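Each step along the sequence shown adds one to the number in the working numbering, with nothing skipped, and position 404 is 520.
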Amino acid sequence: MAQDQSTLTGPDLKQGIAPADLPDGGKLVGRCGDDQVLLVRRGTEVFAVSATCTHYGGPLVDGLVADATVRCPWHHACFDLRTGEALRAPAFNPLACWAVERRDGRIFVSEKLKRKAPQPRSVGSGKISEKIVIVGGGAAGFAAAEMLRRRAFQGSVVILSDDQSVPVDRPNLSKDYLAGKAPEDWIPLRGQKFYSKNDIDLRLNTKAVDIDLRSREVVLADEGRLPYHRLLIATGAEPVRLTIPGADLPHVQTLRSFADCKAIIKLAATAGRAVVLGASFIGLEVAAALRARNIEVHVVAPEKRPMERVLGPQMGDFIRALHEENGVVFHLENTATSIDGRKVKLSSGGTLAADFVVVGIGVRPRTALAERAGLVVDRGIVVDALLETSEPGIFAAGDIARWPDPHSGENIRVEHWAVAERQGQTAALNMLGHREKFVAVPFFWSQHYDVPINYVGHAGQWDEIAVDGDIAAKDCLLRFKRQGRTLAVASIFRDIESLKSEVEMESQMAS
117 MAQDQSTLTG
127 PDLKQGIAPA
137 DLPDGGKLVG
147 RCGDDQVLLV
157 RRGTEVFAVS
167 ATCTHYGGPL
177 VDGLVADATV
187 RCPWHHACFD
197 LRTGEALRAP
207 AFNPLACWAV
217 ERRDGRIFVS
227 EKLKRKAPQP
237 RSVGSGKISE
247 KIVIVGGGAA
257 GFAAAEMLRR
267 RAFQGSVVIL
277 SDDQSVPVDR
287 PNLSKDYLAG
297 KAPEDWIPLR
307 GQKFYSKNDI
317 DLRLNTKAVD
327 IDLRSREVVL
337 ADEGRLPYHR
347 LLIATGAEPV
357 RLTIPGADLP
367 HVQTLRSFAD
377 CKAIIKLAAT
387 AGRAVVLGAS
397 FIGLEVAAAL
407 RARNIEVHVV
417 APEKRPMERV
427 LGPQMGDFIR
437 ALHEENGVVF
447 HLENTATSID
457 GRKVKLSSGG
467 TLAADFVVVG
477 IGVRPRTALA
487 ERAGLVVDRG
497 IVVDALLETS
507 EPGIFAAGDI
517 ARWPDPHSGE
527 NIRVEHWAVA
537 ERQGQTAALN
547 MLGHREKFVA
557 VPFFWSQHYD
567 VPINYVGHAG
577 QWDEIAVDGD
587 IAAKDCLLRF
597 KRQGRTLAVA
607 SIFRDIESLK
617 SEVEMESQMA
627 S
């Protein structure tokens, strides 16, 4: 999209720059007509691409160049500098590319290049009649369907979603949108037109209840049957429900779907005080969003420190202090025992007033469909490095998949948005016969007021946390180690170091 001329910065690249202004490995932002363009030099090659990430508009000049790719500093999307293709979620749209010329001892950027359409590719026999069915309309399901069409698969693509909304950008539901800082049109990953234009049969409010392995059909709740040649199970996770008295009251909500978020916003419109049960990432993001709406927020959780299990005690203390500075009141080492009208009774014997309650006490993988079909399940659907289940031709991706992680050396299951999207992309490629191992390093981000926390890797257990910088000053990088080996890195405002850690973990797996 063209920018306002008054906001464009940097040299006019059509007039050229001196090679000395762009040393090997360097990045430079300039103007080319109405566009802001990023120049990147790698050896003798110079690339010209859009200057901002197509996900949330992160400045790519502040990102990391690795080989012939550039990675966004905000949420680690990765783009091919030669083609502009979005190689890794959470970005899906490509960067625009421009032609680069060298003449008269200068570097010039000329016309914008047209994208080349990929060659059609079908599964197995190559027949257009082939059918791929995706069960689940979340991150993994959307990413898989998008990748199938991006790779020009010409067969049938059906998404079965038991949600009432098109696939949405779920992280926004607990962040800016819930806080009232983002418009509703930010929420869908793509509008309805995307699905019709790409011939993706998105069936909302449709539940799959069984898989007939012999006939290779998905059985629907309305007793209909849908044949498949390849199947992706991407049913995600569902919130753990409260089992205490009063848990089913209408002002007690969980947050998973777009409808959940809108229900909370409706309650917040007339509320003065909310109780959040759970001090997880979702719980505390909800707390921050509600504080942005000037609602008094009390957080009840059984832990001694918020997020200590994932981020350790020092970061846990920092997060608690950050929320307290913004008016959140904590009731830790405590649980709710009942909800009686507008009162939440606590295990400590106290009582909290609440105009509404948000429950964020965890999620569990939705594996019932896989279990019913007889697939191997072990705290998630067990898949191999290609994300294929115990049944050939059936793949699983996202929050439900337990896969062999080459970095930690363990079979892991994580509930990260970017991981789900990237697994959906890999599963799609493998349904097309690519046989590409899923080796992406797990990544997630969390936002608390003006503080972003990025996390790379996976450390289920550690025996050391090495802190570089100052956590309280919001300038730090923490390395979670086991037996001297870094398994994961968490950071605040250390974007380049976070990206370098990701690349380093990838290179360790490749060696």
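Glycine included, every Cβ here is placed at the ideal spot set by N, Cα and C. The structure displayed is predicted, hence computed values, not measured ones.
According to DSSP, is residue i part of a helix, a strand, or is it coil?
i: ASN570; result: strand
i: GLY585; result: strand
i: THR542; result: helix
i: GLU217; result: strand
i: VAL368; result: strand
i: ARG357; result: coil
i: PRO429; result: helix
i: ARG598; result: strand
i: ARG453; result: With the sequence shown as reference, residue 453 is identified as Thr, and Arg is not the correct amino acid for it. Correct three-state label for THR453: strand.
i: CYS188; result: coil
i: SER290; result: helix
i: PHE163; result: strand
i: PRO304; result: strand
i: PRO135; result: helix
i: LYS247; result: strand
i: LEU500; result: Note that residue 500 is Asp in the sequence shown here, rather than Leu. If DSSP states are grouped into helix, strand and coil, ASP500 belongs with coil.
i: VAL153; result: strand
i: SER226; result: strand
i: PHE208; result: coil
i: SER464; result: coil
i: VAL619; result: helix
i: SER373; result: coil
i: SER281; result: coil
i: ALA363; result: coil
i: SER241; result: Residue placement at SER241 is poorly supported in this model, since its pLDDT is 49, which falls under 50; the coordinates still yield a value, given next. Residue state, collapsed to three classes: coil.
i: PHE195; result: strand
i: ALA182; result: strand
i: ALA298; result: coil
i: ALA256; result: helix
What is the C-beta distance between residue i and residue j, in whole angstroms, given that I count them as a contact (C-beta under 8 Å)?
i: ILE608; j: LYS590; result: 5 Å
i: VAL572; j: PHE559; result: 5 Å
i: LEU203; j: THR185; result: 6 Å
i: VAL249; j: VAL274; result: 5 Å
i: LEU197; j: PHE224; result: Not quite, the Cβ-Cβ distance comes to about 18 Å (not below 8 Å), so this is no contact.
i: ALA350; j: ALA256; result: 4 Å
i: ALA207; j: ALA544; result: In fact, because the Cβ distance is near 16 Å, the residues do not count as touching under 8 Å.
i: ARG407; j: ASN442; result: 5 Å
i: ILE516; j: THR505; result: With 8 Å as the limit, ILE516 and THR505 do not qualify as a contact, their Cβ atoms being about 10 Å apart.
i: ALA606; j: ILE569; result: 6 Å
i: VAL177; j: VAL145; result: 5 Å
Run the CB neighbour count on residue i, radius 10 Å, all protein chains shown included, and call it buried at 16 or more, exposed below.
i: GLY159; result: exposed
i: GLU618; result: buried
i: LYS313; result: exposed
i: VAL474; result: buried
i: ALA295; result: buried
i: SER467; result: First, the amino acid is wrong: residue 467 is Thr here, not Ser. THR467 comes out exposed.
i: HIS523; result: buried
i: ARG306; result: buried
i: GLU161; result: exposed
i: SER373; result: buried
i: THR322; result: buried
i: ASN410; result: exposed
i: SER291; result: First, the residue type needs correcting, since residue 291 is Lys and not Ser in the sequence shown. Looking at its Cβ environment, which holds 16 or more other Cβ atoms inside 10 Å, LYS291 is buried.
i: PRO361; result: exposed
i: VAL492; result: exposed
i: TRP561; result: buried
i: TRP302; result: exposed
i: ARG286; result: buried
i: GLU580; result: exposed
i: THR483; result: buried
i: LYS143; result: buried
Which one or two residues does DSSP pair with residue i in a beta bridge?
i: THR168; result: PRO175
i: LEU348; result: ILE250, PHE511
i: ALA268; result: Answer is none; ALA268 lacks a bridge partner.
i: GLU580; result: LYS597
i: ARG143; result: Before going further, note that residue 143 is Lys rather than Arg in the sequence given. DSSP, once it has assigned bridges, lists VAL156 as partnering LYS143.
i: LYS459; result: ASP456, ALA469
i: CYS128; result: Sequence inspection shows Asp at residue 128; the Cys mentioned does not correspond to that position. According to DSSP, which records beta bridges pairwise, ASP128 is partnered with ARG147.
i: SER614; result: In the DSSP output, where bridge partners are listed per residue, SER614 has none listed.
i: LEU276; result: VAL251, ARG319
i: ALA202; result: PHE195
Secondary structure, beta strand (DSSP E): runs of 3+ residues fully inside the stretch 466-493 | 467-469, 472-475, 479-481
Ordered list of beta strand (DSSP E) runs contained in the stretch 505-564, each at least 3 residues:
You should have 510-512, 517-521, 526-528, 559-564.
Give, in chain order, every unbroken run of the beta strand (DSSP E) that is at least 3 residues long and sits entirely within the stretch 379-452.
-> 389-393, 412-417, 445-448
Kindly provide the ranges of any alpha helix (DSSP H) runs that are 4 or more residues long and lie completely inside the stretch 301-344, ordered along the chain.
-> 308-313
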